[in-house]
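Heads up: the sequence shown begins at 0 in numbering that gives the first Met the number 0, then just goes up one per residue. These notes are about the structure you will find just below.
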Amino acid sequence: MHLRLLDKYVLKELLYPFIFGVASFSSIFIASSLLFKIVQYITTYGAPIPAVARLFFYSLPEIVNYTFPMAVLLATLMAFGKLSSNSEIVAMKSGGVSYYRIVAPVIAVGFVVSIFSVIWAEKVVPPSKHIAKQILAVEIRGNVKPKTQDHVVVKTLSGDTQRITYARTFDESTGVMSKVTIEEFQKEKLTRVQTAKKATWKEDSWILEDGNVFTVDEKDGVTSKAAFRKQVIPLNITPREISWEQKSINEMTLGELRGYVKVLERQKLPTSDLWTEIFMRFAIPLASLVFALLGAPLGTQRQRSGSSIGMGISVIVIFVYYGIMAFTTGLGKGGVIPPLLAAMLPNIICFVAGIFMLKRADY
């Protein structure tokens, strides 16, 4: 029973510093980048206040997602710093409670926050970023958008047939897609592939030119091939709609990213940057767990408590962590090291350091 009381006490010490950490780090991000951009939009484009307010609101989820690991670290440092300075950890050990058992609630909180952060990054961040981009382009910048795009992917569904249209380049102003590949799926099985040098928007239809049609069987592979000069494709979407359909990598969900990777892999194109992004969607939330593991012994070693000291140590650890992450992800996206290792290496380093410090703290 006393262990439950201990858990509640430790969790209570974590709660308010965690909320303080989310608010503090979010404010830092807002003040250092978002606020400056908003002022610039008002002065440069004469952006209306309602549009700016909506842009601010839809930009917050991404900022908050980055602050979860930081807030866990700060909360752990402050909570264990207070327990240590008040000699409460010594008292707990004297009562027969091991240091690892004292730290257990913090590790559990880090794990829960990590799971929540994965869900938040998948369900909330991508759609909010997409809406924020549309507000910026349409309501603030006056519909200014690049007319030429690379690696365009369009998904359409007609009955039981799903089509994925891929174009190496797309020009909205001329209505032309070049190096086009269309893959047709029946019940999630690839049945037909069309390739063409280009597709042109004419008279409300897309017309493929100089291409081939391949019939595909899951067991036998390509079963037939036919060439064509011109062919209308069932893609009922205008060039403007295609342009607005496209999402940047950080606006895609994990499912969309994996689908995009498959399309590029079939085209024999490099996908290291996309795989790195996919693994990063798990690595950043996982930082909450490793920061909890690292923050407990760091906080225990402090002789004084206080939010300013906790904030200072947090900033140092975060700076080192994201510095390593920037380096490793750059190597991963460039194909120098495997994307999974690139994304997870900062967490691995922090995990090893945390285990080492926990053993030292359990004296």
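By construction, the Cβ of each residue, glycine as well, lies at the ideal position given by its N, Cα and C atoms.
What span of residues does the beta strand (DSSP E) with residue i cover, start to end?
{"i": "residue 207", "result": "204–216"}
Go through its chain and collect everything with a Cβ distance to residue i's Cβ below 7 Å, but skip five positions before and after it.
{"i": "residue 338", "result": "271, 274, 275, 278, 331"}
{"i": "residue 302", "result": "For residue 302, the predicted structure reports a pLDDT of 49, less than 50, and the residue's modelled location is therefore unreliable. A value from the coordinates is still provided. Closer than 7 Å at Cβ, skipping near neighbours: 84."}
{"i": "residue 352", "result": "293"}
{"i": "residue 249", "result": "128"}
{"i": "residue 138", "result": "50"}
{"i": "residue 299", "result": "79, 83, 88, 360"}
{"i": "residue 312", "result": "76, 297"}
{"i": "residue 24", "result": "66, 69, 70"}
{"i": "residue 348", "result": "323"}
{"i": "residue 342", "result": "275, 278, 279, 282, 328, 331"}
{"i": "residue 334", "result": "269, 271"}
Quick one, which of the options has its alpha-carbon nearest residue i's?
{"i": "residue 189", "options": "218, 315, 167", "result": "218"}
{"i": "residue 81", "options": "69, 9, 41, 325", "result": "9"}
{"i": "residue 14", "options": "58, 348, 328, 78", "result": "78"}
{"i": "residue 316", "options": "76, 178, 91, 226", "result": "76"}
{"i": "residue 34", "options": "11, 58, 12, 45", "result": "58"}
{"i": "residue 156", "options": "40, 114, 182, 226", "result": "182"}
{"i": "residue 284", "options": "46, 118, 350, 74", "result": "118"}
{"i": "residue 100", "options": "5, 264, 268, 325", "result": "5"}
{"i": "residue 46", "options": "114, 74, 136", "result": "136"}
{"i": "residue 44", "options": "106, 97, 186, 140", "result": "140"}
{"i": "residue 178", "options": "41, 19, 209, 231", "result": "209"}
{"i": "residue 126", "options": "3, 245, 112", "result": "245"}
{"i": "residue 52", "options": "261, 344, 3, 134", "result": "134"}
{"i": "residue 198", "options": "187, 215, 176", "result": "176"}
{"i": "residue 36", "options": "19, 20, 55", "result": "55"}
{"i": "residue 340", "options": "354, 282, 228, 202", "result": "282"}
{"i": "residue 229", "options": "196, 259, 222, 269", "result": "196"}
Residues bridged to residue i by DSSP?
{"i": "residue 223", "result": "214"}
{"i": "residue 169", "result": "148, 176"}
{"i": "residue 139", "result": "Residue 139 pairs with nothing; no bridge assigned."}
{"i": "residue 372", "result": "The question about residue 372 has no answer here: the residues shown for the chain are numbered 0 through 362."}
{"i": "residue 230", "result": "207"}
Please work out which residues of its chain come closer than 6 Å, Cβ to Cβ, to residue i, disregarding the five sequence neighbours upstream and downstream, and give them in chain order.
{"i": "residue 180", "result": "165, 194"}
{"i": "residue 149", "result": "168"}
{"i": "residue 336", "result": "330"}
{"i": "residue 305", "result": "For residue 305, the predicted model reports a pLDDT of 48, less than 50, meaning its position is unreliable; a value from the coordinates is still stated below. Contacts found: none."}
{"i": "residue 130", "result": "57"}
{"i": "residue 200", "result": "174, 238"}
{"i": "residue 212", "result": "193, 225"}
{"i": "residue 106", "result": "291"}
{"i": "residue 204", "result": "231"}
{"i": "residue 22", "result": "none"}
{"i": "residue 324", "result": "345"}
{"i": "residue 112", "result": "67, 71, 287"}
{"i": "residue 18", "result": "none"}
I believe residue i touches residue j by the beta-carbon criterion, under 8 Å. Please report the beta-carbon distance rounded to the nearest angstrom.
{"i": "residue 63", "j": "residue 291", "result": "About 18 Å; that fails the 8 Å criterion."}
{"i": "residue 236", "j": "residue 153", "result": "6 Å"}
{"i": "residue 124", "j": "residue 60", "result": "5 Å"}
{"i": "residue 295", "j": "residue 357", "result": "7 Å"}
{"i": "residue 350", "j": "residue 289", "result": "5 Å"}
Residue range of the alpha helix (DSSP H) that residue i falls in?
{"i": "residue 359", "result": "338–360"}
{"i": "residue 191", "result": "Not the alpha helix (DSSP H): residue 191 falls in the beta strand (DSSP E), residues 188–201."}
{"i": "residue 258", "result": "253–265"}
{"i": "residue 30", "result": "Note, residue 30: premise wrong, no alpha helix (DSSP H); not H, not E."}
{"i": "residue 64", "result": "48–84"}
{"i": "residue 106", "result": "98–122"}
{"i": "residue 298", "result": "271–299"}
{"i": "residue 92", "result": "87–93"}
Taking 8 Å as the CB-CB cut-off, is residue i touching chain D?
{"i": "residue 46", "result": "Reference to chain D is not applicable here, since this structure consists of a single protein chain."}
Which same chain residues end up closer than 8 Å to residue i when comparing Cβ atoms and leaving out the 5 residues on each side of it in sequence?
{"i": "residue 28", "result": "62, 65, 66"}
{"i": "residue 121", "result": "252, 253, 280"}
{"i": "residue 184", "result": "160, 161, 162, 163, 190"}
{"i": "residue 0", "result": "Residue confidence for residue 0 is low, a pLDDT of 40 falling below 50, so the modelled location carries little weight; the figure read from the coordinates is stated next. If we look at residue 0 and ignore the five residues flanking it on each side, it has no Cβ neighbours."}
{"i": "residue 132", "result": "247, 250"}
{"i": "residue 354", "result": "292"}
{"i": "residue 257", "result": "277"}
{"i": "residue 388", "result": "The structure shown does not extend to residue 388, since the chain is modelled only from 0 to 362, so the question has no answer here."}
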